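Visitor:
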Amino acid sequence: MHIFRKSALVSVIVLFSLILGTSLAFADLYWETEQVSKGMPGQNQGKMITKHYVTHHASRTEMGNKISITDFDKKVTYILDKSQKTYQKIDLTKMGADPQMQNDPQAKAFMGMMKNMMKQIQVTPTNETKTISGYKCRKVLVNFMMSENEYWVTKKIKGFEEMRKIAAKAEKVYQSNPMMQSMDISGILKKIDGFPVQIVTRVMGGEMVSTLVKIKQKKNLPGSLFKVPSGYRLETN
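Going by the numbering used here, the first residue of the sequence shown is number -6, and it counts up by one from there.
Laid out in structure tokens, this is it:
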């Protein structure tokens, strides 16, 4: 597979894993995960601490110099580059349906391949359990887009029932996207049924393991966390 396609495919797989992880979270929550990547094209190699913030209206993920902010009400995602002070704006209702890509046969074929693979998601709950970060977790296998994923989930985190509300809202956002409309996200989340304490993703010989380090429930996260800071420049194609 061409290196650009390989890297892009892995990026989409990682993005979808994050989407599921965020959708399984609940409102006004902060948590940190340790991400360890080995041989994953397009991903930072080695260890990295990832920070997550979630409310009923938005989510924020910080990975090194990259920040991703998703506004559930506006159905947009902002990708910020802290080192360059720039950001990209992505309309989640149109992601994967860029008009410019329709004129590029290679890009069009690649997106078609991804859409087909995303229809073939398999979720298999298991009875296997183990303790991770102090939580007794149950293993759920999630296979999609040439990747094998282990979701180690628990219901023992305080406020677990609240996550169902934010999951329903996040589902509406992603179901408005043409690339994800054919996916039964609600059904997938019901089968996973828990907060992901650890996610193991294996694809194309590479592996990424994200493990919960700490988690805190917050009364009110500041709204400024979910807005593009002043002084950042919008990147346009």
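Don't be surprised by glycine CBs; every beta carbon is placed ideally from N, CA and C.
Given the structure is predicted, the values throughout are model-derived calculations rather than measurements.
Please list the segments of the beta strand (DSSP E) lying wholly inside the region 31 to 58, counting only runs of 3 or more residues, in order along the chain.
Guide: Listed in chain order, they are 39 to 47 and 51 to 56.
Visitor: Since T147 and K129 are thought to touch, with beta carbons under 8 Å apart, how far apart are those beta carbons, to the nearest angstrom?
Guide: Stepping through the sequence shown from its first residue, residue 147 is reached at position 154. Stepping through the sequence shown from its first residue, residue 129 is reached at position 136. About 6 Å; that satisfies the 8 Å criterion.
Visitor: Determine the direct distance from the alpha carbon of E228 to that of K78, and round the result to whole angstroms.
Guide: Position 85 of the sequence shown, counting from 1, holds the residue named residue 78. Position 235 of the sequence shown, counting from 1, holds the residue named residue 228. So the alpha carbons of these two residues sit roughly 10 Å apart.
Visitor: Counting pairs of Cβ atoms below 8 Å between the region 45 to 57 and the region 183 to 202, do you hit three or more?
Guide: No, they do not touch.
Visitor: Among S223, G224 and S203, whose alpha-carbon lies nearest the alpha-carbon of Q267?
Guide: Residue 267 is absent from the model: the chain starts at -6 and stops at 230.
Visitor: Where do the ends of the beta strand (DSSP E) carrying M201 lie?
Guide: Against the sequence shown, residue 201 aligns to sequence position 208. Here the beta strand (DSSP E) through M201 covers G199 to Q210.
Visitor: In chain order, what residues of the same chain lie with their CB nearer than 6 Å to the CB of W24, ignoring the 5 residues before and after it?
Guide: Indexing the sequence shown from 1 puts residue 24 at position 31. Result list for W24: H45 and I208, in chain order.
Visitor: Once you ignore the five residues that flank K75 on each side, which residues in its own chain have a CB closer than 6 Å to its CB?
Guide: Along the sequence shown, one-based indexing puts residue 75 at 82. Closer than 6 Å at the Cβ level, and outside the excluded window around K75, lie N58.
Visitor: Assuming F233 and D64 are in contact, meaning their beta carbons sit under 8 Å apart, how far apart are those beta carbons, in whole angstroms?
Guide: Residue 233 lies beyond the stretch modelled for the chain, which goes from -6 to 230, so this question has no answer here.
Visitor: What is the DSSP secondary structure of S288, reduced to helix, strand or coil?
Guide: Lying outside -6 to 230, the shown extent of the chain, residue 288 is not represented and no answer is given.
Visitor: Look at the alpha carbon of S223 and the alpha carbon of S217, and state the distance between them as a whole number of angstroms.
Guide: Here the question's residue 223 lines up with position 230 in the sequence shown. Here the question's residue 217 lines up with position 224 in the sequence shown. Computed Cα separation, rounded: 11 Å.
Visitor: Among residues of its own chain, excluding the 5 on either side of I42, which ones have a beta-carbon nearer than 8 Å to its beta-carbon?
Guide: Within the sequence shown, the letter at position 49 stands for residue 42. Once the five neighbours on either side are set aside, the close Cβ partners of I42 are E25, T26, E27, Q28 and V206.
Visitor: Considering only residues of the same chain and omitting the five flanking positions on each side of N231, which have a CB-CB separation below 6 Å?
Guide: Absent from the model: residue 231. The displayed extent of the chain is -6 to 230, so no value can be given.
Visitor: Please report the distance separating the alpha-carbon of P215 from that of S52.
Guide: To locate residue 215, count along the sequence shown from 1; it is residue 222. To locate residue 52, count along the sequence shown from 1; it is residue 59. Rounded to whole angstroms, P215 to S52 spans 12 Å at the Cα level.
Visitor: Buried or exposed: which applies to R226, given that a residue is buried once 16 or more other Cβ atoms fall within 10 Å of its Cβ?
Guide: Here the question's residue 226 lines up with position 233 in the sequence shown. That one is exposed.
Visitor: Could you tell me which residues DSSP puts in a beta bridge with T147?
Guide: For the purposes of this step, residue 147 is taken as the residue at position 154 of the sequence shown. Looking at the DSSP assignment, T147 forms a beta bridge with F188.
Visitor: Are there 16 or more other CB atoms within 10 angstroms of the CB of E121, so buried, or fewer, so exposed?
Guide: Within the sequence shown, the letter at position 128 stands for residue 121. When all chains shown are included, E121 counts as exposed.
Visitor: Tell me whether T119 is buried or exposed, calling it buried when 16 or more other Cβ atoms sit within 10 Å of its Cβ.
Guide: Numbered from its first residue, the sequence shown carries residue 119 at position 126. It counts as exposed.
Visitor: Would you identify the three-state DSSP class for M94, choosing helix, strand or coil?
Guide: For this step, residue 94 is matched to residue 101 along the sequence shown. Caution applies to M94, whose pLDDT of 48 falls short of 50 and renders its modelled position unreliable; the value that the coordinates give is listed next. Helix.
Visitor: Hey, K31 and E200 are a contact pair by Cβ (cut 8 Å); roughly how many whole angstroms apart?
Guide: Mapped onto the sequence shown, residue 31 falls at position 38. Mapped onto the sequence shown, residue 200 falls at position 207. Contact flag correct, Cβ pair sits at about 5 Å.
Visitor: Just checking my contact of K68 with T86 at CB under 8 Å: how many whole Å lie between their CB atoms?
Guide: Taking the first residue of the sequence shown as 1, we reach residue 68 at position 75. Taking the first residue of the sequence shown as 1, we reach residue 86 at position 93. Between T86 and K68 the Cβ distance is about 5 Å, and since that is below 8 Å, they are a contact.
Visitor: Please state whether DSSP places K87 in a helix, a strand or coil.
Guide: As a position in the sequence shown, residue 87 is number 94, starting the count at 1. K87: coil per DSSP, three-state reduction.
Visitor: For R195, which of helix, strand or coil comes out of DSSP?
Guide: Position 202 of the sequence shown, counted from the start, is the residue given in the question as residue 195. Strand.
Visitor: For Y144, which residues from the same chain have a beta carbon less than 7 Å from its beta carbon, with the 5 sequence-adjacent residues on both sides left out?
Guide: Position 151 of the sequence shown holds residue 144. Closer than 7 Å at the Cβ level, and outside the excluded window around Y144, lie V133, V135, I185, P189 and I192.
Visitor: For the ligand NAP, any of its heavy atoms closer than 7 Å to the Cβ of G199?
Guide: Questions concerning the ligand NAP fall outside what the structure shown contains, since it holds no ligand whatsoever.
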